Amino acid sequence: MNILVINCGSSSLKFQVISSDDGSVLAKGLCERIGIDGAITYENVRDHLGKEKTVTQIEDHKKAISLVLDALTDVKGGVIRNLNEIGAVGHRIVHGGEKFTKSVVIDDSVLKAIREVSDLAPLHNPANLTGILACQALMPNTPMVAVFDTAFHQTMPPKAFMYALPKKYYEQYKIRRYGFHGTSHKYVSEKVAEYYGKKPEELKTIVCHLGNGASVSAVKYGKCIDTSMGLTPLEGLVMGTRSGDLDPAVVSYIADKENKSAYEVVQMLNKESGVLGLSNGLSSDFRDLWKARNEGNKDATLALDAWAYRVAKYIGAYAAAMNGVDVIAFTAGVGENDCDSRKLIYDYLGYLGITIDDAVNAATRGKVQEISTKDSKVKVIVYPTNEELAIAQETYALVKDLK
Ligand code: AMP
């Protein structure tokens, strides 16, 4: 079955068509600047036809989806003859609140529930919903599945997910830790168990999803018991442009000093902070930061050191939370590709009995590779994530038996 995977942002829409038979990608692409002007980039991966970018007016998400479907069925570059060859659509949904502990087939009650938790992700969930509605309008008979970034983390116990606030804020507004990147944490923790010939129930795993957005999770015997992101993706690690953990009093302090609203300060914490902020605006891209560091730039050096230090502290915390750790997995853009940043982290981990083969680490980019030595007490592995494939697999599992 061909699964169309849709990842809708407020002004962008990423898509892939994945075959459930072998997980191969038939086509993929991106609609950008929706509602502004617009462009669609499309790639027929199956026939190696390369990328094609077309600048065209895209007034809304429905138009974006219709352009995607046109490209997929195009006589020249398409990968399907007609829309009947798409068996299901899997939608990435950022926030499932406490309502969704796993992926679900979308019906009216699911749409209502996603709408109800939109307060928790006001930028993302409405865009995700728009994507679903646009697909439903154009493919009314195709089953659709919602796959939530938060669902995998719903197994966290209250001691991990409750903030130490007056309880009414949880009861009235559901303010708590939710965690994000759940599809990735689930996929990588399960794949790593498979790699080691174990069931997830047999392992204590720390997954370090280190991309532009970044989070760590503690997965004990197949269940997430803690994760670094919180009510929103702002908490936890130092990220590309997000500050991660800080004293909440910083918000009112800056707001007072600069006559800003709390919202404006939080925007700054989301968009101008992290390694971008620490490097004095140099870059949020780790390749730029390493280049500058190697040329002696002190701000870039501090940014990378502070980034790695925070990851190392979370690994220590989660090893303690699980009373040990069997496997530490690095994934996402930095975790998969950046051996120097990985080294900054693992240099802190000797106390866990971890030893790393530096040469193997240095040679590992974008592929599955154990980087710890044979006698290391904890296995350390690079395992590329694949959120689109995970969404396609979850979607297929839910729709394959539908009549
Ligand atoms: P992601 O959010 O997972 O797509 O990760 C994006 C980030 O990964 C970029 O901002 C880069 O900083 C980083 N990245 C990607 N490729 C490399 C690479 N080859 N070396 C270092 N960093 C990389």
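End of the sequence shown = 395 in the working numbering, gap-free, step of one.
The beta carbon of each residue, even a glycine, is placed where N, CA and C say it ideally should be.
Note that the structure is predicted; figures quoted are calculated from it, not measured.
Closer than 6 Å: residue i CB and nearest ligand 1 heavy atom
i                 : result
aspartate 330     : yes
proline 308       : Contrary to the premise, residue 308 reads as glycine rather than proline in this sequence. No - ligand 1 has no heavy atom lying nearer than 6 Å to the Cβ of glycine 308.
serine -3         : One detail in the question is off: residue -3 reads as valine in this sequence, not serine. Result no, Cβ not under 6 Å from ligand 1.
aspartate 297     : no
phenylalanine 278 : yes
valine 326        : yes
glycine 203       : yes
Those residues which DSSP pairs with residue i across a bridge
i                 : result
leucine -4        : Val9, Val81
lysine 20         : Gln8, Glu35
phenylalanine 322 : Cys200, Val374
alanine 206       : Leu202
threonine 398     : An answer regarding residue 398 cannot be provided, because it is not within the stretch -7 to 395 covered by the chain.
threonine 219     : Ser209
phenylalanine 140 : Ile85
asparagine 348    : With the sequence shown as reference, residue 348 is identified as isoleucine, and asparagine is not the correct amino acid for it. Ser364.
Residue i vs residue j beta-carbon contact at 7 Å
i                 : j                : result
lysine 45         : glutamate 35     : no
valine 9          : leucine 22       : no
threonine 197     : tyrosine 170     : no
alanine 304       : tyrosine 340     : yes
alanine 247       : serine 271       : no
isoleucine 424    : leucine 130      : Within the shown structure, residues of the chain are numbered from -7 to 395, placing residue 424 beyond reach of any answer.
serine 3          : arginine 25      : yes
phenylalanine 140 : phenylalanine 92 : yes
methionine 231    : alanine 254      : no
cysteine 331      : alanine 313      : no
histidine 40      : valine 86        : no
threonine 224     : serine 209       : no
histidine 53      : isoleucine -2    : no
serine 11         : tyrosine 388     : no
alanine 324       : threonine 377    : yes
valine 81         : methionine 136   : yes
threonine 233     : serine 176       : no
phenylalanine 7   : valine 60        : yes
valine 257        : valine 243       : yes
leucine 226       : asparagine 262   : yes
methionine 154    : arginine 168     : yes
cysteine 0        : glycine 123      : yes
glycine 15        : leucine 381      : yes
glycine 214       : methionine 221   : no
alanine 284       : leucine 296      : no
Beta-carbon separation (whole angstroms), residue i vs residue j, contact threshold 8 Å
i              : j             : result
isoleucine 373 : glutamate 362 : 5 Å
valine 370     : tyrosine 187  : Going by Cβ atoms, the distance from valine 370 to tyrosine 187 rounds to 15 Å, so no, they are not a contact pair.
leucine 202    : glycine 342   : Not confirmed; about 20 Å, so no contact.
serine 333     : alanine 300   : 7 Å
glutamine 146  : glutamate 90  : 7 Å
aspartate 318  : leucine 195   : 5 Å
serine 95      : alanine 138   : 6 Å
DSSP state of residue i mapped onto helix, strand, coil
i                 : result
valine 184        : helix
serine 110        : helix
isoleucine 246    : helix
serine 364        : strand
valine 391        : helix
histidine 156     : One detail in the question is off: residue 156 reads as alanine in this sequence, not histidine. Coil, per DSSP.
valine 267        : helix
valine 86         : coil
glutamate 163     : helix
phenylalanine 278 : helix
alanine 304       : helix
alanine 355       : coil
isoleucine 72     : coil
valine 96         : strand
serine 333        : helix
isoleucine 26     : coil
arginine 399      : This structure leaves residue 399 out entirely; the chain is present only between -7 and 395.
asparagine 133    : coil
glycine 316       : coil
tyrosine 338      : helix
glutamate 287     : coil
histidine 40      : coil
proline 225       : coil
glutamate 51      : coil
lysine 104        : helix
serine 253        : coil
tyrosine 170      : coil
glycine 273       : coil
aspartate 14      : coil
proline 240       : coil
serine 58         : helix
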